[in-house]
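Q:
Number of protein chains: 2
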Amino acid sequence: MAYEKRQLPKKSDNLSDWYNAVVLLAELADYGPAKGTMIFRPAGYRIWELIQEAMDKEIKKSGVENAYFPLFIPESLMRKEKEHVEGFAPQLAVVTIGGGEELKEKLIVRPTSETIMYQAYAKWIQSWRDLPVLINQWNNVVRWEKRTYLFLRTTEFLWQEGHCAHATHQESQERVQWAIDMYAQIYRDFLALPGIIGKKSESEKFAGGDATLTYEILMPEGKALQGCTSHDLGQNFSKAQGIKFQDKQGQSQFVWQNSWGFTTRSIGALLMAHGDDAGLVLPPRVAPVQVVIIPVTSGEEELAAARKLADNLGDVRVKVDTREGESLGFKINKWELKGVPLRIEVGKREIESGKFRMVRRDTGEVVDGEVGGILDQIQNDMLARQEKFLRESTYEAADYEQFKKIMESQRGFIKAFWCESKECESRIKEETKASTRCLPLDAKEEKGKCVYCGKAASHKWLFALAY
Amino acid sequence: MAYEKRQLPKKSDNLSDWYNAVVLLAELADYGPAKGTMIFRPAGYRIWELIQEAMDKEIKKSGVENAYFPLFIPESLMRKEKEHVEGFAPQLAVVTIGGGEELKEKLIVRPTSETIMYQAYAKWIQSWRDLPVLINQWNNVVRWEKRTYLFLRTTEFLWQEGHCAHATHQESQERVQWAIDMYAQIYRDFLALPGIIGKKSESEKFAGGDATLTYEILMPEGKALQGCTSHDLGQNFSKAQGIKFQDKQGQSQFVWQNSWGFTTRSIGALLMAHGDDAGLVLPPRVAPVQVVIIPVTSGEEELAAARKLADNLGDVRVKVDTREGESLGFKINKWELKGVPLRIEVGKREIESGKFRMVRRDTGEVVDGEVGGILDQIQNDMLARQEKFLRESTYEAADYEQFKKIMESQRGFIKAFWCESKECESRIKEETKASTRCLPLDAKEEKGKCVYCGKAASHKWLFALAY
Chain A
1 MAYEKRQLPK KSDNLSDWYN AVVLLAELAD YGPAKGTMIF RPAGYRIWEL IQEAMDKEIK
61 KSGVENAYFP LFIPESLMRK EKEHVEGFAP QLAVVTIGGG EELKEKLIVR PTSETIMYQA
121 YAKWIQSWRD LPVLINQWNN VVRWEKRTYL FLRTTEFLWQ EGHCAHATHQ ESQERVQWAI
181 DMYAQIYRDF LALPGIIGKK SESEKFAGGD ATLTYEILMP EGKALQGCTS HDLGQNFSKA
241 QGIKFQDKQG QSQFVWQNSW GFTTRSIGAL LMAHGDDAGL VLPPRVAPVQ VVIIPVTSGE
301 EELAAARKLA DNLGDVRVKV DTREGESLGF KINKWELKGV PLRIEVGKRE IESGKFRMVR
361 RDTGEVVDGE VGGILDQIQN DMLARQEKFL RESTYEAADY EQFKKIMESQ RGFIKAFWCE
421 SKECESRIKE ETKASTRCLP LDAKEEKGKC VYCGKAASHK WLFALAY
Chain B
1 MAYEKRQLPK KSDNLSDWYN AVVLLAELAD YGPAKGTMIF RPAGYRIWEL IQEAMDKEIK
61 KSGVENAYFP LFIPESLMRK EKEHVEGFAP QLAVVTIGGG EELKEKLIVR PTSETIMYQA
121 YAKWIQSWRD LPVLINQWNN VVRWEKRTYL FLRTTEFLWQ EGHCAHATHQ ESQERVQWAI
181 DMYAQIYRDF LALPGIIGKK SESEKFAGGD ATLTYEILMP EGKALQGCTS HDLGQNFSKA
241 QGIKFQDKQG QSQFVWQNSW GFTTRSIGAL LMAHGDDAGL VLPPRVAPVQ VVIIPVTSGE
301 EELAAARKLA DNLGDVRVKV DTREGESLGF KINKWELKGV PLRIEVGKRE IESGKFRMVR
361 RDTGEVVDGE VGGILDQIQN DMLARQEKFL RESTYEAADY EQFKKIMESQ RGFIKAFWCE
421 SKECESRIKE ETKASTRCLP LDAKEEKGKC VYCGKAASHK WLFALAY
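Going down the list, the sequences are from chains A and B.
Residues in the first sequence are numbered consecutively from 1, following the UniProt record's numbering.
Residues in the second sequence are numbered consecutively from 1, following the UniProt record's numbering.
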């Protein structure tokens, strides 16, 4: 494997060429043999493990328990909620042969687990005493894609899907909000990716749900990426699948439900947002290796000093690069490409002076100080840079001319009044390729006119080109 | 849900009826809608998480990294190793439709990942510097089953699969041994299940491997359960898939490989081995709830004391049962059925005296002392009881008459000389249903005669009825 910089296209020249190359060269992922699939290599999977660790703690703390439901959903079960099956039909992978025989009923490889989980909920839930049911799964799901975009668009991806059932709509809505807030915290505090929380439009919401909250992130070329979603399912599934409970008064009621998911797509957003022309730049909290120590030569003394330094770094995820047959310059390029937040070089001179050369990956600065503190500083600075980018790339369009101009030039998020009619939404998309991303939760009610039709509108929605 | 004891068949009357009933009643699992599938309910999945936590630490400590490879394996790839595909063919689930279209090439839902992983290894491995490759996956696999036996035999199960590639056979064999030893430690120290480590016979080894090490556990009715396996794959896959490296002398060589797996079947063994007529008995280290605190009435004072006691138990996994509408007796039965290792009752009298009634699940004894110490004692006692059972259920058969007599009456493990011919092995199986379980690694070379044909034999093998 070679890590020479000249193999890597410039990020500013062609974002997707840069992205594909850097993900492969940094050994985070590879293509799988079946169309649309990918391999999570150890460094790529480790990022997912670090996200999981942080998120699983939050999930458990809030009283949700993990479980595991089957991969295979009988076709008839998938059909129980009409809008749901229509939404997913074009994306399904279907098992028709099992144990050497043609199956009587086809099995869907789960694209999401609402139907299979809720069939069990219908059996398990009888009384108000059984509520709330708070269950999460960490698993793999399949939604057919013809072309792989590593991490960002793949036939199979990894995620968590939370599925809760409540006695009241209010309690369910609180859980919907909890999930999107928890996701936003992970995105900001771990992935250093600020975003906008908002409500999806009717045409963009989850198939079978009442309302969807989303976290929208802006990518370097000014396109929006849907970071994750949390759905208020109302009573749609409980009515379709008969999930009823006896309330305290002895009345039979349908439960209120929600589901919320966060996928490995988040890793794609992470890589794309923070990298530069030299390769990846990983925020310390999700970096598989936080500090790389490179002995300047392969001399015994330098190796020993490097190992000692590593041992003294405690909980820090550290790697000493002792690989033979690579020059110092080659190694520096390699670890820059892999995005390791901090590099420490250990040479004879450094051993004598007791002061090692430390270089930040994000700024290229030579720095001094305590490693833990430097890593925190990098994490904070990376978030601050993204916040600045988000702020500077969010525009307001007073009229449709302005709207089109922004979409043709700098792109980014556009805030604009919209009358909430499907027709205006789809015309805008046709003409500018920009879709409604969300109604930001902090958007105030205002008096305005739809940017497209000029009719009365009460809120400024967020628009952007989307992945 | 009701937890009345009379619903539960006696364990000694009918083990499998007891087992199915207790797993459902204790809410550890449920049946999935597709044949052969199961749902891991939160309490059942939590056991898996606790096993994962302990094992993942060991795996990482030994230098193996986690990764994730695709679920779908193109049929042509699966065919690369002849014995391997023949071994798995009758068990495969096959996707023939994707994205609404008939697929040109069928996709196998992974029954195990050798072929798909090794195709990538062939690409990634070039030089001796790239070795060893040490990768593990935590994932789901599918091997078709018509009838579900919860945890023990299911179409889809969860597992880890380790896949390593080395420059030398010796290094690979050391990894094979490391894996089985690590598994044995988890079985003994966490699941309180002693077993026999040994080598599988030619006919029982992994399809496509050179040799298989196994951990064989004895179940209460004297049947053996294969606890997990670790395979020396030799160069079979590297030759079939062209995984070559340049050694230090510049020569091209095929890598030496191994794979090793531990599945959710282990949970079935755990539940079956330790339960009794009142329900499950869980060893503290893998019990989702280690201590249940039951307020004797729902009085405020008792609830407060129960909560305070729980808060004082620190890292112990504790639950306070505040569910309304259940009597003390009902609650005691419920938690006994769920197998919680230690029960603490909090009543007025106990609050006054400051001494709570504590009852061990495994022995029914009322105990005194510090909770952590009691839990350790329970863990140790449970292992000791299983060791005694294993010792007392292992027989030696000097001749075939004795062999048959044991298999017809008490069953258990039989140690007997075998000439290692496939014919004797299959005749013994036909006539007694007992199969070779393994050649225990500690078996000495001895002079003897095959228990079946009377020809010379050099080792006593372990036989048993198997699941």
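Beta carbons: idealized from backbone N, C-alpha and C, even for Gly.
Which residues in chain B sit within 8 Å of residue 91 of chain A, going by Cβ to Cβ distance?
A: The answer, in chain order, is 99.
Q: Can you name the start and end residues of the alpha helix (DSSP H) that residue 35 of chain A belongs to?
A: First-last for residue 35 of chain A: undefined, no H or E at that position.
Q: Can you tell me whether residue 376 of chain B is buried or exposed? The criterion is at least 16 other CB atoms within 10 Å of its CB, across all chains shown.
A: With fewer than 16 other Cβ atoms within 10 Å, it is exposed.
Q: Between the alpha carbons of residue 36 of chain A and residue 396 of chain B, how many angstroms are there, rounded?
A: For residue 36 of chain A and residue 396 of chain B, the distance between alpha carbons rounds to 56 Å.
Q: Which complete alpha helix (DSSP H) runs does the region 85-132 of chain B hold, if anything under 4 residues is left out?
A: Entirely contained in the region 85-132 of chain B, the alpha helix (DSSP H) runs reaching 4 residues are, in chain order, 114-124.
Q: When you compare only the Cα positions, how much space is there between residue 466 of chain A and residue 399 of chain A?
A: Near 21 Å, if we compare the C-alpha coordinates of residue 399 of chain A and residue 466 of chain A.
Q: Name the chain A residues whose beta carbon is nearer than 8 Å to that of residue 69 of chain B?
A: Ordered by position in chain A, the residues that pass the 8 Å Cβ test against residue 69 of chain B are 32, 39, 40.
Q: Quick one: give me the first and last residue of the alpha helix (DSSP H) that residue 230 of chain B is part of.
A: Segment 224-234 is the beta strand (DSSP E) holding residue 230 of chain B; no alpha helix (DSSP H) there.
Q: Are residue 385 of chain A and residue 224 of chain A close, meaning C-beta to C-beta below 7 Å?
A: Not a contact, by the Cβ cut-off of 7 Å.
Q: What does a CB cutoff of less than 6 Å around residue 260 of chain B pick up in its chain, not counting 5 residues either side in sequence?
A: Only 162, 179, 230 meet the Cβ criterion.
Q: Would you list the one or two residues that DSSP bridges to residue 48 of chain B?
A: Answer by DSSP bridge pairing: none, since residue 48 of chain B is not bridged.
Q: With 7 Å as the limit, tell me which residues of the region 109-128 of chain A have their beta carbon closer than that to any beta carbon of chain B; keep them in chain order.
A: Result list: 109, 116, 119, 120.
Q: If you measure between the beta carbons of residue 472 of chain A and residue 235 of chain A, is that distance less than 7 Å?
A: Limits of chain A in this structure are 1 at one end and 467 at the other, which puts residue 472 of chain A out of reach.
Q: Closer than 8 Å, Cβ to any Cβ of chain B: which residues of the region 314-338 of chain A, in chain order?
A: The region 314-338 of chain A vs chain B, Cβ under 8 Å: 323, 324, 325.
Q: If residue 346 of chain B sits next to residue 330 of chain B, beta carbons under 8 Å apart, how far is it from one beta carbon to the other, in whole angstroms?
A: About 16 Å; that fails the 8 Å criterion.
Q: Name, please, each residue of chain B whose Cβ falls closer than 7 Å to the Cβ of residue 95 of chain A.
A: Ordered by position in chain B, the residues that pass the 7 Å Cβ test against residue 95 of chain A are 93, 94, 95, 109.
Q: Using the rule of at least 16 other Cβ atoms within 10 Å of the residue's Cβ for burial, across every protein chain shown, is residue 441 of chain B buried or exposed?
A: Classification of residue 441 of chain B: exposed, given that the 10 Å Cβ count is below 16.
Q: Report the residue ranges of all alpha helix (DSSP H) runs contained in full by the region 256-294 of chain B; include only those spanning at least 4 residues, in chain order.
A: Those alpha helix (DSSP H) runs which fall completely within the region 256-294 of chain B and span 4+ residues are 265-274.
Q: So residue 31 of chain B and residue 66 of chain A are supposed to be a Cβ contact under 8 Å. How far apart are they, rounded?
A: That belief does not hold up - the Cβ atoms of residue 31 of chain B and residue 66 of chain A are roughly 19 Å apart, past 8 Å.
Q: With a threshold of 16 other CB atoms inside 10 Å of the CB of residue 141 of chain A, please say whether the residue is buried or exposed.
A: Classification of residue 141 of chain A: buried, given that the 10 Å Cβ count is 16 or more.
Q: If contact is defined by three or more beta carbon pairs under 8 Å, each pair taking one atom from either stretch, is the region 331-341 of chain B in contact with the region 284-299 of chain B?
A: Flag = yes, the region 284-299 of chain B and the region 331-341 of chain B touch.
Q: Under 8 Å by Cβ, that's how I've got residue 70 of chain B and residue 116 of chain B pegged, so tell me the actual separation to the nearest angstrom.
A: Going by Cβ atoms, the distance from residue 70 of chain B to residue 116 of chain B rounds to 6 Å, so yes, they are a contact pair.
Q: At what residues does the alpha helix (DSSP H) containing residue 350 of chain A begin and finish?
A: Here the alpha helix (DSSP H) through residue 350 of chain A covers 348-353.
Q: If you measure from the beta carbon of residue 245 of chain A to each beta carbon in chain B, is any gap under 7 Å?
A: Judged by the 7 Å Cβ criterion, residue 245 of chain A is not in contact with chain B.
Q: Tell me whether residue 394 of chain A sits in a helix, a strand or coil according to DSSP, three-state version.
A: Note: residue 394 of chain A maps to strand in three-state DSSP.
Q: Could you tell me which residues DSSP puts in a beta bridge with residue 314 of chain A?
A: BP columns for residue 314 of chain A are empty, so no partner.
Q: So which of B:412, B:404, B:411 has the shortest CA-CA distance to residue 427 of chain B?
A: Checking every option, the nearest Cα to that of residue 427 of chain B belongs to B:404.
Q: Pull up the distance between the alpha-carbon of residue 227 of chain A and that of residue 193 of chain A, whole angstroms please.
A: Using only the alpha carbons, I get a separation of about 10 Å.
Q: Where does residue 139 of chain A sit, in a helix, a strand or coil, going by DSSP?
A: Three-state result, residue 139 of chain A: strand.
Q: Given that a residue counts as buried once 16 or more other Cβ atoms are within 10 Å of its Cβ, and exposed if not, what is residue 111 of chain A?
A: Under this definition residue 111 of chain A is a buried residue.
Q: Taking its Cβ as the centre, do 16 or more other Cβ atoms sit within 10 Å of residue 304 of chain B, making it buried, or is it exposed?
A: So residue 304 of chain B counts as exposed.
Q: Apply the 10 Å Cβ neighbour rule to residue 214 of chain B and answer buried if 16 or more other Cβ atoms are within range, or exposed otherwise.
A: Result: buried.
Q: So who's on the other strand from residue 66 of chain B, going by DSSP bridges?
A: The partner list for residue 66 of chain B (beta bridge, DSSP) reads B:136.
Q: Could you run through the region 47-80 of chain B and flag, in chain order, every residue whose CB is less than 7 Å away from some CB of chain A?
A: Cβ contacts with chain A: 49, 65, 66, 67, 68, 69, 70, 71, 72, 74, 77.
Q: As an exercise, report each continuous alpha helix (DSSP H) stretch of at least 4 residues that is fully enclosed by the region 378-461 of chain B, in chain order.
A: Runs found: 400-408, 422-432.
Q: Whose Cβ in chain B lies nearer than 7 Å to the Cβ of residue 144 of chain A?
A: Near residue 144 of chain A (Cβ distances below 7 Å), the residues of chain B are 98, 99.
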